[in-house]
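The structure under discussion appears below in the form of structure tokens.
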Amino acid sequence: MAVESARIRPVVIARVHEVALKGRNRRRFMRTLTGNIMVALRDVPYRSIKIRTGRILVVLENAEHWPLVRERIARVFGIQNFSLTLESDTRMSSILRATELLLEAEGPPSGTFCVRVKRPDKTYPLTSPEIERQVGGFIQDCTGAPVQLRQPEITYQIELLHEGAYITSRVHPGPGGLPVGSSGEVVSLVSGGFDSPVATFRMLKRGCAVTLVHFHAYPFVRSTSIEKVVELAQSLGKSQPEMRLVTVPIGDLQRQMAISCESEMLVVLYRRLMLRVAEAIAHEYGAGALVTGESLGQVASQTLQNIRAIESAVQLTILRPLIGMDKIEILDEAARIGTEEISRTPDDDCCTVFVPRHPATHATIEQAERAEAPLNIEAMVRQALSGRTVFEGNPAGWNVMRALRQDDASEPPFAPIELSEELRRPEPTKSV
Ligand code: ATP
Ligand code: MG
Numbered sequence: 019m020a021v022e023s024a025r026i027r028p029v030v031i032a033r034v035h036e037v038a039l040k041g042r043n044r045r046r047f048m049r050t051l052t053g054n055i056m057v058a059l060r061d062v063p064y065r066s067i068k069i070r071t072g073r074i075l076v077v078l079e080n081a082e083h084w085p086l087v088r089e090r091i092a093r094v095f096g097i098q099n100f101s102l103t104l105e106s107d108t109r110m111s112s113i114l115r116a117t118e119l120l121l122e123a124e125g126p127p128s129g130t131f132c133v134r135v136k137r138p139d140k141t142y143p144l145t146s147p148e149i150e151r152q153v154g155g156f157i158q159d160c161t162g163a164p165v166q167l168r169q170p171e172i173t174y175q176i177e178l179l180h181e182g183a184y185i186t187s188r189v190h191p192g193p194g195g196l197p198v199g200s201s202g203e204v205v206s207l208v209s210g211g212f213d214s215p216v217a218t219f220r221m222l223k224r225g226c227a228v229t230l231v232h233f234h235a236y237p238f239v240r241s242t243s244i245e246k247v248v249e250l251a252q253s254l255g256k257s258q259p260e261m262r263l264v265t266v267p268i269g270d271l272q273r274q275m276a277i278s279c280e281s282e283m284l285v286v287l288y289r290r291l292m293l294r295v296a297e298a299i300a301h302e303y304g305a306g307a308l309v310t311g312e313s314l315g316q317v318a319s320q321t322l323q324n325i326r327a328i329e330s331a332v333q334l335t336i337l338r339p340l341i342g343m344d345k346i347e348i349l350d351e352a353a354r355i356g357t358e359e360i361s362r363t364p365d366d367d368c369c370t371v372f373v374p375r376h377p378a379t380h381a382t383i384e385q386a387e388r389a390e391a392p393l394n395i396e397a398m399v400r401q402a403l404s405g406r407t408v409f410e411g412n413p414a415g416w417n418v419m420r421a422l423r424q425d426d427a428s429e430p431p432f433a434p435i436e437l438s439e440e441l442r443r444p445e446p447t448k449s450v
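Here it is in structure tokens:
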């Protein structure tokens, strides 16, 4: 029935939301999106990628690659929906071969189906109902699925033009949002917890290219949080395949703070230090804002007063996409985007190292500045930056060991202190 000489091209059609196409940003939007699709498909053979009005067309080498392409495209922000079209010449034998390939790529109909033909080219020898009957019969023979003309579960659309025939079935939802990179760059502070990966995902969705920054207290605590953040980068990397992660050891600096500063203020001081280091990293990469996973009142430390006392350490804008969300909503979203399972692994949160049971919940800026007075903050930021490890590129290949290297030859910067057992081992912090 099907002839082998048919020339059939599998074409992915990615559509963008019309709203995004208004105004002068349109060309930039489409170019950024096209670049992101190319990166997402970098290891998939395709013949060409083109911009058409409101659409991006990717001609694949082979329809067999569709399941992988579908998975990748579903994570490219800026795409509203997408589908696979099989393009052939207009001979009936070619249309049937294209239908066969579409069924192989997309799988058989899950329930009832129908075929609809649009035929602007009236010179074609068969009428639309005749083509619908032939293709419908063919699909039924191949799959055993029943035809239903009213409200079928799936409709096979065939468009017959002078230059070719185009058959499509499912329209897959895209992730929406804006193409990563179209809204500029941000630095996102990512712990191993549930919140910050969700906050990062939301900023990716709004078109920000994100650099992740993680602070850890290794070797005072286990390295689990670093391993988790690398895994989180791999998960978030599905939406931004070219990632950057900076891991920063601050255990020694925390120890110095624990020796010199009021213990109730330590959490606030750790956070101020984190923001300062993140701000320096943002300046280095030209990023325009910092991102945190803070949600108002979620824990005793995230009060309006503490947030103010912490943010006053830096000048850069801080974005907090989760500020009005509750924990259940955040956990639901984490599960949907695939980070919940990674965040669930218990780790040692560096913010709890050396910290008393009742940290300050209503700190003022003056209190924070007074508590910091004995410290040489600039030197501490420099030390933190000098110990950092930068991971770049495709997170799939990152080796966590790089972040764990210890410079044994150098003198410890601070005198070791004796810690009580309670302080040495932080309590698990992941209460849900
Ligand atoms: P998360 O689940 O993201 O850890 P949380 O509810 O545990 O958030 P906190 O631990 O108070 O809240 O942290 C608030 C925010 O500060 C985090 O969302 C994150 O953006 C940042 N942060 C906290 N700890 C770290 C860390 N070790 N490295 C990088 N950023 C951190
Ligand atoms: Mg946390």
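First residue of the sequence shown? That's 19 in the working numbering, and the numbers climb one at a time after it.
No residue lacks a Cβ here, since even glycine has one placed at the ideal position from N, Cα and C.
Distance, Leu-104 Cα to Cys-132 Cα: If I take the Cα positions, the gap works out to 17 angstroms.
With 16 other Cβ atoms within 10 Å as the buried cut-off, status of Lys-68: Here Lys-68 is exposed, its C-beta having fewer than 16 other C-beta atoms within 10 Å.
Unbroken stretches of the alpha helix (DSSP H), 4 residues or longer, contained in the segment 347-416: Runs of the alpha helix (DSSP H) spanning 4 or more residues and lying entirely within the segment 347-416 occur at 358-362, 383-390, 395-404, in chain order.
Distance, Ser-106 Cα to Ile-26 Cα: One C-alpha to the other measures close to 5 angstroms.
Beta bridge counterpart(s) of Val-146 as assigned by DSSP: Per the sequence shown, residue 146 should be read as Ser rather than Val. DSSP links Ser-146 through a beta bridge to no other residue.
CA-to-CA distance, Gly-129 to Ser-241, given in whole angstroms: The C-alpha of Gly-129 is placed about 50 angstroms away from the C-alpha of Ser-241.
Sub-8 angstroms separation of Gln-272 and Ala-235 beta-carbons: Ala-235 is positioned such that its CB atom lies closer than 8 angstroms to that of Gln-272.
Gln-175 - containing beta strand (DSSP E), residue span: Where Gln-175 is concerned, the enclosing beta strand (DSSP E) stretches over 172-178.
Boundaries of the alpha helix (DSSP H) in which Met-275 is found, first to last residue: Annotation for Met-275: the continuous alpha helix (DSSP H) segment containing it runs 269-278.
Buried versus exposed, by CB contacts within 10 Å (16 or more), Gly-199: Under the 10 Å beta carbon count, Gly-199 is surrounded by 16 or more other beta carbons and is classified as buried.
Within 8 angstroms, strictly: CB atoms of Ala-331 and Arg-294: Cβ atoms of Ala-331 and Arg-294: closer than 8 angstroms.
The segment 334-344 contacting the segment 367-385, beta-carbon criterion three pairs below 8 angstroms: When Cβ pairs closer than 8 angstroms are counted between the two stretches, the segment 334-344 is seen not to touch the segment 367-385, the count staying below three.
DSSP state of Tyr-184 mapped onto helix, strand, coil: In this structure, Tyr-184 counts as strand in the three-state DSSP scheme.
Ala-235, DSSP secondary structure in three states: DSSP places Ala-235 in coil when its eight states are reduced to three.
Integer-rounded CB distance, given that Ala-386 should sit under 8 angstroms from Met-283: In this structure, Met-283 and Ala-386 form a Cβ contact; the two beta carbons are roughly 7 angstroms apart against a cut-off of 8 angstroms.
Three-state secondary structure assigned by DSSP to Val-247: Reduced to three states, the DSSP call for Val-247 is helix.
Test item, CB below 6 angstroms from any non-hydrogen atom of the ligand MG: Close to the ligand MG, as judged by a C-beta nearer than 6 angstroms to any of its heavy atoms, are the residues Ser-209, Gly-211, Asp-367, in chain order.
Gln-272 Cβ short of 7 angstroms to the ligand ATP heavy atom set: No, the beta carbon of Gln-272 sits no closer than 7 angstroms to any heavy atom of the ligand ATP.
Residue nearest to Thr-265 in terms of C-alpha spacing, selected from Val-62, Tyr-64, Glu-410, Ala-24: Among Val-62, Tyr-64, Glu-410, Ala-24, the Cα nearest to that of Thr-265 belongs to Glu-410.
Contact check, Gly-210 vs Ser-313, beta carbons under 8 angstroms: Cβ atoms of Gly-210 and Ser-313: not closer than 8 angstroms.
Phe-131: first and last residue of the uninterrupted beta strand (DSSP E) it sits in: It spans 131-136 - the beta strand (DSSP E) in which Phe-131 sits, taken as one unbroken run.
Segment contact, 8 angstroms Cβ cut-off, at least three pairs: the segment 88-100 with the segment 167-178: With a cut-off of 8 angstroms on Cβ pairs, the segment 88-100 is not in contact with the segment 167-178, counting fewer than three such pairs.
Secondary structure, beta strand (DSSP E): runs of 3+ residues fully inside the segment 22-72: If we require 3 residues or more, the beta strand (DSSP E) runs fully inside the segment 22-72 come out as 27-34, 64-70.
Among Ser-111, Arg-406, Ile-328, nearest to Thr-382 - alpha-carbon criterion: The shortest Cα separation from Thr-382 among Ser-111, Arg-406, Ile-328 belongs to Ile-328.
Cut-off 7 angstroms between Cβ atoms - residues of its own chain near Asp-139, not counting five sequence neighbours on either side: These residues qualify, in order along the chain: Leu-178, Leu-179, His-180.
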